[in-house]
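Mature numbering (1 follows the signal peptide of the UniProt record, and there is no 0) puts the sequence shown at residues -17 to -1, 1 to 242.
C-beta atoms are modelled at their ideal positions from N, C-alpha and C, and glycine is treated no differently.
Remember, predicted model here, so these are calculated numbers, not experimental data.
Structure first, commentary second.
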Amino acid sequence: MILTALLLALVAATGFAEVVPEHFYQGRIVGGSEASPGQYPWQVSLQSTSGSHFCGGVLIDPQWVLTAAHCVGTSSIVAVLGEHNFDQNEGTEQKIAVSVIKKHENYNVGAGTYPNDIALLKLATKAVLNSRVALVDMASGGESATGCYISGWGKFTSTSGVSRVLKHAPMTAITKSQCQSVWGTSSVLDSHICILSSSSDPASACNGDSGGPLVCNPSGKWILAGVTSWGHSSCPTSTYPNVYTRISSFRTWISTNMV
């Protein structure tokens, strides 16, 4: 798997150096541990037609995958469902071509850092739902962001090789003001959700994981709270929060565009 070269820029802002964060491009979790096969049955691997994984996604309907807008362009995309180990044919995988790409029309337009970083992918055929391929409910905004996890095909450090199995890590949601105190008031919007590692051994999304899920379990049921948008290149880090697109802020856009 080829790593994408990324640029980290520093700009002066309100008396301190504010980091202009870089995109995460090839779905990876730094730190964390291996998930059980089928533990996150809504997890999607977005791949090129040659089979190279480049982003994550989330199955929210038998024919629709949610991901980050910066993940998608005009290239052909294959959604792989029911995946766990890239190096094994487990018999649970469903590889379905993406027939329609709907990127948010205001992605990266206006205030904030990478605002409206969300996209919908329509599958050419409906997924077959089972114990390894399932939907996740989306947050409506009234839920507590507790018991949260991120998942993706992981990497141990920002410079090491990648894991070939799905990894996950517990995360803690922080407030907008806490997040802005690190990234700056102009970078973080109400439509973002910020998280930090829940463990003393830091874990994070890194150089990838774009479009992958942040799920929370406040009352015994998993709910999709966010999709990976941006963060710091020095990962894992206990200082700089990962920033996700807040799903509850886009429920109307999602329902309007799932046609």
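Residues sharing a beta bridge with residue i, DSSP
i: Leu104; result: Val48, Ile84
i: Gln71; result: DSSP, once it has assigned bridges, lists no residue as partnering Gln71.
i: Met225; result: The question names Met, yet the displayed sequence has Asn at residue 225. Asn225 is bridged to Ile178.
i: Val41; result: Gln26, Leu49
i: Val63; result: Ser28, Lys78
i: Val55; result: DSSP lists no partner for Val55.
Check whether residue i and residue j have beta carbons under 9 angstroms apart
i: Phe233; j: Ile43; result: no
i: Gln105; j: Val83; result: Just to set this straight, residue 105 is Lys in the shown sequence, not Gln. Result yes, Cβ atoms of Lys105 and Val83 sit closer than 9 angstroms.
i: Gly40; j: Leu29; result: yes
i: Gly124; j: Val171; result: no
i: Leu49; j: Ile230; result: yes
i: Ala51; j: Gly194; result: yes
Range of the contiguous alpha helix (DSSP H) that encloses residue i
i: Gln22; result: Segment: none, Gln22 is in no alpha helix (DSSP H) and carries neither H nor E.
i: Thr239; result: 234 to 240
Beta-carbon contacts of residue i that lie in its chain and below 6 angstroms, excluding the five residues immediately before and after
i: Ile237; result: none
i: Glu126; result: Pro201, Ile206
i: Thr60; result: One detail in the question is off: residue 60 reads as Ile in this sequence, not Thr. Excluding positions up to five away in sequence, the list reads Leu29, Val81.
i: Ser181; result: Pro153, Met154, Thr155
i: Cys54; result: Cys38, Ser193, Gly194
Other residues of its chain near residue i: CB distance less than 8 angstroms, five sequence neighbours each side excluded
i: Ala117; result: Pro24, Trp25, Leu42
i: Val92; result: Pro98, Asn99
i: Leu197; result: Cys131, Tyr132, Ile133, Met154, Ile176, Ile178, Leu207, Ala208, Gly209, Val210, Thr211, Tyr227
i: Gln163; result: Ser170, Val171
i: Ser114; result: Gly21, Pro24
Bounding residues of the beta strand (DSSP E) (the contiguous stretch that carries residue i)
i: Gly211; result: The displayed chain sequence assigns Thr, not Gly, to residue 211. Note, Thr211: beta strand (DSSP E), 206 to 214.
i: Pro196; result: 196 to 199
7 angstroms CB neighbourhood of residue i in its chain, flanking five on each side removed
i: Thr32; result: Ser59, Val61
Contiguous beta strand (DSSP E) assignments of at least 3 residues, all confined to the stretch 112 to 176: List check, beta strand (DSSP E) in window: 131 to 138, 145 to 157.
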